[in-house]
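Chemist: The opening position of the sequence shown corresponds to residue 68 in the numbering used here, with each subsequent residue numbered one higher. In this text, a Cβ means the ideal position worked out from N, Cα and C, and glycines have one as well.
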Amino acid sequence: ASVGAVVYGFGDASGASFGSSFQFGKEVQYEFGQWCCLVTEERSSNWRELANLVEALKFRAREGRLEGHEIFMFTDNTTAEGAYWKGSSKSRRLFELVLRLRKLELARDLLLHVVHVSRKRMIL
């Protein structure tokens, strides 16, 4: 990947809620919402955490904000971080999300780092 700039992002999904934020230079963009009850009932918390990161990155990529950038995406979920760095998961649903992230990296010429941060640090 040819890196143009560094972008920092945070993602968190807790219970029925999700959110993410990105810093582009001095500009901060964020979004938040709630999962539909079907997702809350039928998907694991690990899936919701990783899916939140995938959707947040996909949304910013569609805006053209990530092309050729190095992205540090922070999460408080060790399973999401581990699945990304391992490149796979025993869970088919998590594997599919990892695959989506890898495809996004290739399609948008970006370098992604998924990094675990303590929940206490995320709250500050």
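Assign valine 74 to one of three DSSP states: helix, strand, or coil.
Modeler: In this structure, valine 74 counts as strand in the three-state DSSP scheme.
Chemist: In terms of alpha-carbon separation, which member of Leu124, Ser185, Trp102, Asp143 lies closest to glutamate 134?
Modeler: Glutamate 134 has its Cα closest to that of Leu124, out of Leu124, Ser185, Trp102, Asp143.
Chemist: Provide the residue(s) that pair with valine 121 in DSSP beta bridges, ordered along the chain.
Modeler: Bridge partners of valine 121: none, in fact.
Chemist: With the cut-off set at 8 Å, would you say arginine 159 and tryptophan 114 are in Cβ contact?
Modeler: No, these two residues do not count as a Cβ contact at 8 Å.
Chemist: So what's leucine 177 in DSSP terms, helix, strand or just coil?
Modeler: Leucine 177 falls in the coil class under three-state DSSP.
Chemist: Thinking just about the alpha-carbon of each residue, which of Glu172, Ser111, Ser155 is nearest to the one in valine 165?
Modeler: With distances taken between Cα atoms, valine 165 lies closest to Ser155.
Chemist: Are there 16 or more other CB atoms within 10 angstroms of the CB of threonine 145, so buried, or fewer, so exposed?
Modeler: Exposed, by the Cβ-count rule.
Chemist: I need the DSSP call for glutamate 134, collapsed to helix, strand or coil.
Modeler: Note: glutamate 134 maps to coil in three-state DSSP.
Chemist: Report the three-state DSSP secondary structure of alanine 68 (helix, strand or coil).
Modeler: Because the pLDDT of alanine 68 is 48, which lies under 50, any placement of that residue in the model is unreliable, and the number read from its coordinates should be weighed accordingly. The answer is coil: DSSP assigns alanine 68 none of H, G, I, E or B.
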